[in-house]
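Working notes, structure below.
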Amino acid sequence: MKKLQSENIHFWQGTEACAEAALKAGCRFFAGYPITPASEIAEHLARRLPQFGGIAIQMEDEIASIGAVVGASWAGFKAMTATSGPGFDLMQETIGWAFMTETPCVIVDVQRLGPSTGQATKCGQGDVMQSRWGTHGDYAAIVLAPNSVQEMFELTIKAFNHAEKYRTPVILLADEIIAHMREKITVSSTKGIRIIDRRKPKSCDKAFFGLEEIPSMPAVGEGFNVAVTGSTHDAYGIRFTADTQVHRQLVERLNNKIQNHVADLSDVETYNIDNCEVGIVSYGCTSRATYETVEAAENKKLKVGYARLRTIWPFPEKIVRRLAETAEKIIVPEMNLKQIFYEVERASRGKADVISLNKIGGGELITPEELLKKIMERTKN
Amino acid sequence: MKTEVRISGLGGQGVVSAGQILGRAAVYDGKNAVQTQSYGAEARGSAAKSEVIISDNKIGFPAVRKCDVLVAMSQEALDKYVKDLRKNGVLIVDSTYVKKIPKTKICKKIPATEEAEKIFKAKMYANMLILGALTKIIGISEKAVERAIEDTLAKKVVNTNKKACRRGRDLPQ
Amino acid sequence: MSGPFSIREYLRPLPLPFCSGCGGLTVMSEFLRAAYELGHKKLDKFVFCSGIGCSSWIPSPHFIADSVHTLHGRSIPVATGLKLMRPNLNVVVFGGDGDIVGIGLSHFIHAARRNLDILVIMVNNMVYGMTGGQVAPTTPYKTKTTTTPYGSFEYPLDAAKLAVTAGAYYVSRWTTAHSKELKNSIKKALQMQGFRFIEAISQCPTAYGRRIGFKDSGEMLKWFKENAIEKTEKANEKDLAGKIVVGEFIQRKRLTLGETMQRVIEEAQKNEN
Numbered sequence: 000m001k002k003l004q005s006e007n008i009h010f011w012q013g014t015e016a017c018a019e020a021a022l023k024a025g026c027r028f029f030a031g032y033p034i035t036p037a038s039e040i041a042e043h044l045a046r047r048l049p050q051f052g053g054i055a056i057q058m059e060d061e062i063a064s065i066g067a068v069v070g071a072s073w074a075g076f077k078a079m080t081a082t083s084g085p086g087f088d089l090m091q092e093t094i095g096w097a098f099m100t101e102t103p104c105v106i107v108d109v110q111r112l113g114p115s116t117g118q119a120t121k122c123g124q125g126d127v128m129q130s131r132w133g134t135h136g137d138y139a140a141i142v143l144a145p146n147s148v149q150e151m152f153e154l155t156i157k158a159f160n161h162a163e164k165y166r167t168p169v170i171l172l173a174d175e176i177i178a179h180m181r182e183k184i185t186v187s188s189t190k191g192i193r194i195i196d197r198r199k200p201k202s203c204d205k206a207f208f209g210l211e212e213i214p215s216m217p218a219v220g221e222g223f224n225v226a227v228t229g230s231t232h233d234a235y236g237i238r239f240t241a242d243t244q245v246h247r248q249l250v251e252r253l254n255n256k257i258q259n260h261v262a263d264l265s266d267v268e269t270y271n272i273d274n275c276e277v278g279i280v281s282y283g284c285t286s287r288a289t290y291e292t293v294e295a296a297e298n299k300k301l302k303v304g305y306a307r308l309r310t311i312w313p314f315p316e317k318i319v320r321r322l323a324e325t326a327e328k329i330i331v332p333e334m335n336l337k338q339i340f341y342e343v344e345r346a347s348r349g350k351a352d353v354i355s356l357n358k359i360g361g362g363e364l365i366t367p368e369e370l371l372k373k374i375m376e377r378t379k380n
Numbered sequence: 000m001k002t003e004v005r006i007s008g009l010g011g012q013g014v015v016s017a018g019q020i021l022g023r024a025a026v027y028d029g030k031n032a033v034q035t036q037s038y039g040a041e042a043r044g045s046a047a048k049s050e051v052i053i054s055d056n057k058i059g060f061p062a063v064r065k066c067d068v069l070v071a072m073s074q075e076a077l078d079k080y081v082k083d084l085r086k087n088g089v090l091i092v093d094s095t096y097v098k099k100i101p102k103t104k105i106c107k108k109i110p111a112t113e114e115a116e117k118i119f120k121a122k123m124y125a126n127m128l129i130l131g132a133l134t135k136i137i138g139i140s141e142k143a144v145e146r147a148i149e150d151t152l153a154k155k156v157v158n159t160n161k162k163a164c165r166r167g168r169d170l171p172q
Numbered sequence: 000m001s002g003p004f005s006i007r008e009y010l011r012p013l014p015l016p017f018c019s020g021c022g023g024l025t026v027m028s029e030f031l032r033a034a035y036e037l038g039h040k041k042l043d044k045f046v047f048c049s050g051i052g053c054s055s056w057i058p059s060p061h062f063i064a065d066s067v068h069t070l071h072g073r074s075i076p077v078a079t080g081l082k083l084m085r086p087n088l089n090v091v092v093f094g095g096d097g098d099i100v101g102i103g104l105s106h107f108i109h110a111a112r113r114n115l116d117i118l119v120i121m122v123n124n125m126v127y128g129m130t131g132g133q134v135a136p137t138t139p140y141k142t143k144t145t146t147t148p149y150g151s152f153e154y155p156l157d158a159a160k161l162a163v164t165a166g167a168y169y170v171s172r173w174t175t176a177h178s179k180e181l182k183n184s185i186k187k188a189l190q191m192q193g194f195r196f197i198e199a200i201s202q203c204p205t206a207y208g209r210r211i212g213f214k215d216s217g218e219m220l221k222w223f224k225e226n227a228i229e230k231t232e233k234a235n236e237k238d239l240a241g242k243i244v245v246g247e248f249i250q251r252k253r254l255t256l257g258e259t260m261q262r263v264i265e266e267a268q269k270n271e272n
């Protein structure tokens with residue numbers, strides 16, 4: 000089975016699809032620490048990575064795991080870690096360091112129910128804001144949220160591609176339900192999947208931390224004498240810890256290289272957004288109720304449209320605004336206490352009534368019946 | 000055409016692997032399938048269930064609320080979930096453990112654990128006897144089920160599991 | 000080698016980060032002298048990794064080499080990723096006592112346990128110098144620091160002993176008053192493979208020495224010299240008590256993490272074919 004499966008139909012678990020996609024994207028290093036519900040990714044890669052000459056190692060904690068991942072990336076290889084809430088907490092400082100040093104890497108957060116140990120085996124969507132603002136300082140995050148096993152595969156590859164293209168850490172914000180479900184998945188041939196690799200420097204290049212929006216990236220051992228630091232640095236990697244301009248230039252560029260490319264980064268599944276009475280904005284496992292709900296509402300002669308976010312951050316504001324311009328109401332179902340809700344409200348600019356539908360505890364999904372009830376109840380008013 | 004199946008019992012009875020094989024077999028038969036599972040707090044002895052939705056179309060909501068087929072491998076599981084079985088739904092029970100069955104339900108009684116002990120000298124094959132009967136009822140091909148067993152279970156136990164599954168298929172319905 | 004050793008050949012033309020009299024400069028120059036004497040005219044076979052603290056500035060960004068300046072305490076995990084994926088490079092970690100055996104202690108133990116093939120040089124000044132002289136896990140009992148104004152009420156950690164217990168390949172300790180021995184130990188360690196740990200007891204006249212009554216760094220070096228005792232077969236616990244025990248503590252043969260990992264890769268690939 001060393002050869003990557005091509006043109007095949009499988010029945011895979013979400014974690015398995017994520018791990019196989021990492022291999023396909025060219026990941027050759029994984030470091031992680033056991034945690035429910037993400038451990039299966041580590042287990043799968045522990046078996047598979049060595050078959051490709053790659054390395055999977057269990058570190059002493061999540062801090063060490065993400066540290067080793069950043070090290071492997073500077074060694075010139077695509078690298079990944081996978082964790083859940085408590086481990087994601089521990090990784091935040093290093094995610095900030097990876098952002099500041101412009102290190103491509105992928106962090107998979109399989110969300111479970113917090114805060115703290117909460118309900119460790121149950122599903123939640125409580126890390127949405129953490130994935131955006133988890134580290135200190137001004138920071139721009141790229142966060143993708145799959146809603147099927149097929150997307151665990153596709154968005155993992157996309158996460159690696161974004162990481163390499165934008166030279167930044169990318170978060171795959173999965174959840175317990177999507178990670179643990181088994182589902183039909185079609186894996187197309189390698190040829191059909193676009194794989195992006197980081198831009199390597201020319202031999203005369205010296206500015207690996209500036210001058211261009213996204214600078215080229217050398218690896219250690221290639222003779223570039225690269226100086227990597229999380230402290231404020233100039234285009235050549237030299238520390239400048241007191242200069243106002245150097246800091247402003249660096250941090251603005253790091254934020255802009257993501258914020259200026261929202262159009263490229265936005266990935267939203269839409270339906271009827273320009274012609275609906277009620278809109279739904281959803282993501283991850285919660286969005287799985289949307290499809291049946293829309294059908295049921297249409298049977299009741301109600302036009303419903305939806306924007307289902309595959310990219311959560313940067314927030315695909317424009318599409319949500321478009322939805323707000325036609326829909327009178329927008330329902331935001333979430334398995335947290337209004338984390339995306341306020342973003343939708345902000346993007347809507349008062350053009351639609353934004354209504355929250357929350358469910359936390361026990362890991363139970365918001366059902367199509369509950370979503371439909373919310374739609375109908377508000378429409379009657 | 001959409002079939003929603005819930006396989007329930009106690010941890011250690013193999014309800015999760017039965018669900019996994021069922022979903023995989025359906026996919027090998029060219030259908031869409033999604034499988035989810037939930038356990039109690041402990042790995043063994045507490046309530047466990049596995050749900051499979053099989054459909055010719057894309058599957059949206061992945062959890063089963065009302066099922067077309069309910070498999071109960073323990074009395075506790077039957078008591079808990081029988082209310083979720085659709086009006087014309089089929090109930091499949093391991094009659095070794097499940098004795099009290101509501102009269103109104105269409106019920107297939109499979110003495111799975113008893114048969115497994117008798118033929119294979121191990122209770123653990125009961126789930127495959129059930130799977131054999133189940134896949135026959137919902138129309139999954141034998142070929143797909145056997146391939147799914149091969150792709151799901153460890154090599155050394157594949158043959159016995161296939162035999163148990165065939166036995167379940169051949170039992171009078 | 001052409002020409003005598005010149006430290007400038009190895010350094011970017013930047014102002015050095017050390018306070019006057021800092022032991023960090025001694026460790027920096029003895030390391031570079033060791034590399035020079037081993038024939039490294041350039042540092043292109045090395046990658047340096049450091050955390051946060053004064054001694055983390057020894058390599059970064061001063062050395063003309065690849066250097067990765069990480070977070071506080073996290074140099075060893077980052078070095079793990081670097082070394083496993085670039086096994087041909089010499090990975091050298093510089094860090095202080097707070098960085099390596101304070102906040103980063105568990106990484107230190109686990110890297111020694113795994114026998115990760117890196118050299119860790121810990122500059123032990125017995126205090127958190129950069130943040131202004133707070134108590135460290137290495138501060139001697141009863142010593143006054145800014146966070147132990149009545150004297151430290153904790154016992155210090157013996158990092159070298161811990162490294163030996165955890166499974167390090169090579170462990171030594173010297174002070175900045177033993178620059179020749181320190182250099183020779185670095186030279187020796189640079190030629191070995193496995194987890195190598197060198198502890199350099201160093202003076203911080205600014206945040207430590209002057210607070211406990213030393214007039215300048217010279218006095219501290221004198222104190223090191225007078226209090227150091229070399230560990231020999233014969234020396235018993237009683238002789239060593241209250242002294243700075245220097246010397247080599249272990250040298251053993253074990254497979255490195257890279258080697259055991261390579262076996263796993265071969266096994267995985269064999270089973271596939």
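Protein chains in written order, with numbering that gives the first Met the number 0: chain A, 0 to 380; chain B, 0 to 172; chain C, 0 to 272.
C-beta atoms are modelled at their ideal positions from N, C-alpha and C, and glycine is treated no differently.
Collapsed DSSP secondary structure at residue i in the structure displayed
i      : result
A:K1   : For A:K1, the predicted structure reports a pLDDT of 43, less than 50, and the residue's modelled location is therefore unreliable. The matter cannot be settled from this model.
C:I102 : helix
C:A156 : The sequence shown places Leu at residue 156 of chain C, not Ala. Coil, per DSSP.
C:L31  : helix
A:L356 : strand
A:P214 : coil
A:N380 : Low confidence applies here, because A:N380 scores a pLDDT of 47, under 50, leaving its location unreliable; read the following figure in that light. Reduced to three states, the DSSP call for A:N380 is coil.
B:S140 : coil
C:A267 : helix
Spatial distance of residue i from residue j (CA atoms)
i      : j      : result
C:L31  : C:Q133 : 30 Å
B:K122 : B:K135 : 21 Å
A:G95  : A:A139 : 10 Å
A:I329 : A:I354 : 6 Å
C:K143 : C:I211 : 7 Å
C:F213 : C:K141 : 16 Å
C:G241 : C:K179 : 24 Å
B:R166 : B:G131 : 7 Å
B:G22  : B:I53  : 7 Å
A:Q118 : A:L364 : 15 Å
C:P155 : C:T147 : 13 Å
A:I279 : A:G125 : 19 Å
C:A111 : A:R252 : 39 Å
A:E175 : A:P145 : 11 Å
A:M216 : A:T167 : 11 Å
Proximity below 7 Å, CB of residue i to CB of residue j
i      : j      : result
A:F87  : A:D60  : no
A:V267 : A:A296 : no
A:A74  : A:A241 : no
B:G18  : B:N126 : no
A:G236 : A:F208 : yes
C:G22  : C:T164 : no
B:K48  : B:S16  : no
A:R287 : B:F119 : no
C:T145 : C:M125 : no
A:L171 : A:T155 : yes
Residue i beta carbon near the ligand ADP (any heavy atom closer than 6 Å)
i    : result
B:K1 : The ligand ADP is absent from the structure shown, which contains no ligand whatsoever.
Quiz item: Does the segment 84–97 of chain B come within contact of the segment 105–114 of chain B, defined as at least 3 CB pairs closer than 8 Å?
Solution: A contact exists between the segment 84–97 of chain B and the segment 105–114 of chain B.
Exercise. Could you run through the segment 230–247 of chain A and flag, in chain order, every residue whose CB is less than 9 Å away from some CB of chain C?
Key: Listed in sequence order: S230, H232, Y235, G236, I237, R238.
Practice problem: With 9 Å as the C-beta to C-beta threshold (strictly closer), list the residues of the segment 59–70 of chain A near chain C in chain order. | Solution: From the segment 59–70 of chain A, only E59, D60, I62, A63, S64, I65, G66, A67, V68, V69, G70 have a Cβ closer than 9 Å to chain C.
Quiz item: Are the segment 34–52 of chain A and the segment 67–86 of chain A touching, with three or more C-beta to C-beta distances below 8 Å?
Solution: Verdict: yes, contact present.
Quiz item: Just by C-beta distance, which residues in the segment 24–49 of chain C are closer than 7 Å to chain A?
Solution: The segment 24–49 of chain C vs chain A, Cβ under 7 Å: D43, V46.
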